[in-house]
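Engineer: Residue numbers in the sequence shown follow the numbering used here, run continuously in steps of one, and reach 301 at the last position. This is the structure I want to talk about, given as structure tokens.
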Amino acid sequence: MAEPLSVAGSIAGLVAIAGTVYTRTYRYIKTVKNSEKEIAQLASEIIYLCGLLHRLSLYTDVLQGDTTSETNFRLHHINACREILAKLEKKLETTDPAAPGHSREERLIKRLKWPFSMAETRDLIVEVERHKSTFNIALSANNLSAVFQASSRQNKIAEDLSKLKTQLKSRWATETHISLRKERKEILEYFGKVESTLNHQANLKLRHPLTGLWVTEGEIFRSWLRIRNSKLWLSGVAGGGKTVLAASLIEETMDDSSCNQAVAYFYCDYRDLEKQTPINILAL
18 MAEPLSVAGS IAGLVAIAGT VYTRTYRYIK TVKNSEKEIA QLASEIIYLC GLLHRLSLYT
78 DVLQGDTTSE TNFRLHHINA CREILAKLEK KLETTDPAAP GHSREERLIK RLKWPFSMAE
138 TRDLIVEVER HKSTFNIALS ANNLSAVFQA SSRQNKIAED LSKLKTQLKS RWATETHISL
198 RKERKEILEY FGKVESTLNH QANLKLRHPL TGLWVTEGEI FRSWLRIRNS KLWLSGVAGG
258 GKTVLAASLI EETMDDSSCN QAVAYFYCDY RDLEKQTPIN ILAL
């Protein structure tokens, strides 16, 4: 019978590894359209396993404070699960296109190549299913009594499980938004010698929380967001707040962006000659 404290630490590590494996698998599926159905099935099995592990983590957290409770979890079950997840994590990591030591063409090939054969993938699906069954049995044997005795957590369990898949997907989406792949970074460093982030942040600090609501909630702005190749022109006297208003519109547009719709902006600054040249403006 494993001590709750040792089990809790081991399961917490499994949750982290499973999350990383799912994120990398999901990223591959999103990158390579029409990928093999077995890969999508493997991703589904992993996210289900991730949910089970999360429930186990909550369960063992409760047991740490209850010396009278026992658990049917065995460390060798956890270690066996860690081995398969570590195998997946390592194989997916070695094929990361951002890994050093490869040409751009090699990185592209690795990004499009699934690191396992379909036979291996089907075997992995069977293994993950087996671990799912093991942890399900363990949870059933303990009846989750310790979890449901913790009234402060009872409502949070269902909420955490429902959010888990969304959080993992948003993790991939966030990485896509804020991370630059090596080849993309090289291009941006060549062309993007001038950037407007500081201008944008400075203008955001000057605005009132309600600045621009009459524009961002108006039909003209909403139509501009929906219609392709549409134009939006702000006119006014010098010092009238057009730049601060533009910053509000940029923020609203970024909030409306998605994985398939990016946002680019540039501030022409009369105090900076580099921000007035066409090549720097068009390089954004």
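Positions of the beta carbon are idealized from the N, C-alpha and C atoms, including for glycine.
#1: Taking the beta carbon of Gly253 as the centre, do at least 16 other beta carbons fall within 10 Å, making it buried, or is it exposed?
#2: Go ahead and label Thr85 buried or exposed: buried means 16 or more other beta carbons lie within 10 angstroms of its beta carbon, across all protein chains shown.
#3: If I follow the unbroken alpha helix (DSSP H) through Arg239, where does it start and stop?
#4: Return the CA-CA distance between Tyr76 and Arg41, expressed in angstroms with no decimal places.
#5: Who pairs with Gln278 in a beta bridge, going by DSSP?
#6: Would you call the segment 260-270 and the segment 222-229 in contact, with 3 or more CB pairs under 8 Å?
#7: Please work out which residues of its chain come closer than 7 Å, Cβ to Cβ, to Tyr39, disregarding the five sequence neighbours upstream and downstream, and give them in chain order.
#8: Suppose you measure from the CA of Leu230 to the CA of Leu290; what does that come to, to the nearest Å?
#9: Check whether the Cβ atoms of Gln293 and Tyr287 sit closer than 9 Å, and answer yes or no.
#10: Mapping DSSP to helix, strand and coil, what is Ala163?
#11: Between Glu212, Met135, Glu110, which has its C-alpha nearest Leu299's C-alpha?
#12: Do Arg99 and Gly30 have their CB atoms nearer than 9 Å?
#13: Let me know if Glu144 comes out buried or exposed under the rule of 16 or more other beta-carbons within 10 Å of its beta-carbon.
#14: Per DSSP, what kind of secondary structure is Lys54 in: helix, strand or coil?
#15: Could you tell me if Asn297 is buried or exposed, where buried requires 16 or more neighbouring beta carbons within 10 angstroms of its beta carbon?
#16: Select from Cys276, His94, Gln218, Gly235 the residue whose C-alpha is nearest the C-alpha of Thr48.
#17: Please determine, among Ile28, His217, Thr228, Arg201, the residue with the shortest C-alpha to C-alpha distance to Asn96.
#18: Using a threshold of 9 Å, state whether the C-beta atoms of Leu69 and Phe152 are closer than that.
#19: To the nearest angstrom, how far is it from the Cα of Arg44 to the Cα of Ala25?
#20: Can you look up Cys285 in the DSSP assignment and give me helix, strand or coil?
#21: Helix, strand or coil for Ala136, going by three-state DSSP, please let me know.
#22: Pull up the CB-CB distance for Leu181 and Leu141, whole angstroms please, since I reckon it's below 8 Å.
#23: Among the residues of its own chain, which have a CB less than 6 Å from the CB of Leu249, if the five just before and after it don't count?
#24: Relative to the C-alpha of Arg139, which residue among His217, Ala57, Ser74 is closest?
#25: If you follow the alpha helix (DSSP H) that Val232 is in, where does it begin and where does it stop?
#26: Just mark Asn246 as buried or exposed, buried being the case when its beta carbon has 16 or more other beta carbons within 10 Å.
#27: With distances taken between CB atoms, is the gap from Thr228 to Gly258 smaller than 9 Å?
#28: Are Thr233 and Glu206 closer than 9 Å when you measure CB to CB?
#29: Grab the span of the alpha helix (DSSP H) containing His302 for me, first residue to last.
Structural biologist: In this structure, then:
#1: Within a 10 Å sphere around the beta-carbon of Gly253 sit fewer than 16 other beta-carbons, which makes this residue exposed.
#2: Low local confidence applies: a pLDDT of 45 at Thr85 is under 50, so the model's placement there is unreliable, with the coordinate-based value given in what follows. Thr85 comes out exposed.
#3: 236-243
#4: 27 Å
#5: Ser275
#6: yes
#7: Ala60, Ile63, Ile64, Cys67, Leu185
#8: 32 Å
#9: yes
#10: For Ala163, the pLDDT reaches just 49, beneath the cut-off of 50, and the residue's location in the model is therefore unreliable, although a value from the coordinates is still provided. Correct three-state label for Ala163: helix.
#11: Glu212
#12: Less than 9 Å divides the Cβ of Arg99 from the Cβ of Gly30.
#13: buried
#14: Looking at Lys54 - three-state DSSP - the assignment turns out to be helix.
#15: buried
#16: Taking only the C-alpha atoms, the option nearest Thr48 is Cys276.
#17: Ile28
#18: yes
#19: 29 Å
#20: Three-state DSSP puts Cys285 in coil, outside helix and strand.
#21: helix
#22: About 21 Å separates the two Cβ atoms, so there is no contact after all.
#23: Trp241
#24: Ala57
#25: 230-233
#26: exposed
#27: yes
#28: no
#29: Nothing can be reported for residue 302: it is not among the residues displayed for the chain, which extend from 18 to 301.
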